[in-house]
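First residue of the sequence shown? That's 2 in our numbering, and the numbers climb one at a time after it.
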Amino acid sequence: MSTTAALLIFAAAAIAVLTAMALREHRGMLDRRGRLLDSAAGLLAGGKISIARDGFPVLKGRLADGRQIRIELIADTLVFRRLPQLWLKLTLAEHGERRRPSIGALSRPTGAEFYSMVHDLPEWIAPPQTEGSLLMRGDGRAADEDIERATAMFRSLFRDPAVKEAVITPRGVRLVRQAAEGDRGAHLLLRQVRFPVGEISPALIRQAVGELEALSATLTGEKASCAELVA
């Protein structure tokens, strides 16, 4: 066997080994990604997990009062010179459409928030004073009292820098908050998106659901419920 042929065989074998290793690592990453919400599933009545096209889990279930809740994870890599962000997005659907306007706030807006509802609202509203920049918008139907109540709620929520977006609509409420930040080494050296988190903690889910309930009660004159999550 010539030296050239031997080198070709060695190169082919090396490529095959590297490909197998890469596939195994990719499958492992997808498996770990798909389990991020496993520990939170038991917090919701009828909690069921499905896997989205990007491999991240989607958790659906009910609160104690029967309202439907959807919990998703969003990988955000669009902002230049910032580590990738893993956002926890929670959507709480009301039992029926409520008599209230749509109004929301987005922290540190860049215009690249593809997951944001605030960017789609047509009317700009003067935001409350917070430590970071805040974009506040509505659908044009909010009375002065509605804006005052929403502003007070947003001022409280956005004291936590992990909160990214909060939106109230007639049909439900939405909250987006940081779940994890991308691994710096993998991102800077290999341009890979890796989040050093094995699960989204049930404590974070409980906190976020409590914030959702407070949002839901903001424009109705109700007090936020402190009831258990599961029925």
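Where a beta carbon is used, it is the ideal one built from N, C-alpha and C, also for glycine.
All values derive from a computational prediction rather than experimental measurement.
What number of angstroms, rounded off, separates the C-alpha of V177 from the C-alpha of T4?
-> Here the question's residue 177 lines up with position 176 in the sequence shown. Here the question's residue 4 lines up with position 3 in the sequence shown. Approximately 60 angstroms, taken between the alpha carbons.
Proximal residues to T219 (C-beta, below 7 angstroms), its chain only, five neighbours per side dropped = Against the sequence shown, residue 219 aligns to sequence position 218. Cβ within range, chain order: R150, A151, M154 and I169.
When you compare only the Cα positions, how much space is there between L37 and P102?
-> The sequence position of residue 37 within the sequence shown is 36, counting from 1. The sequence position of residue 102 within the sequence shown is 101, counting from 1. One C-alpha to the other measures close to 34 angstroms.
How would you label P85, buried or exposed, when you count the other beta carbons within 10 angstroms and need 16 or more for buried?
-> Taking the first residue of the sequence shown as position 1, residue 85 is located at position 84. Classification for P85: buried.
Check whether the stretch 71 to 78 touches the stretch 135 to 143, counting contact only when three or more Cβ pairs, one atom from each stretch, lie closer than 8 angstroms.
-> no
Considering R156, what are the terminal residues of the alpha helix (DSSP H) in which it resides?
-> In the sequence shown, residue 156 corresponds to position 155, counting from 1. Per DSSP, R156 belongs to the alpha helix (DSSP H) from D145 to L158.
Out of curiosity, what's the CA-to-CA distance linking A41 and R207?
-> Locating residue 41 in the sequence shown gives position 40, where the first residue counts as 1. Locating residue 207 in the sequence shown gives position 206, where the first residue counts as 1. The alpha-carbon atoms of A41 and R207 are separated by roughly 9 angstroms.
Can you tell me which of the three DSSP states R71 falls into?
-> As a working note, residue 71 is residue 70 in the sequence shown. If DSSP states are grouped into helix, strand and coil, R71 belongs with the strands.
Just curious, the alpha helix (DSSP H) that G211 is in, first and last residue?
-> The residue you call residue 211 lines up with position 210 of the sequence shown. Where G211 is concerned, the enclosing alpha helix (DSSP H) stretches over P203 to T219.
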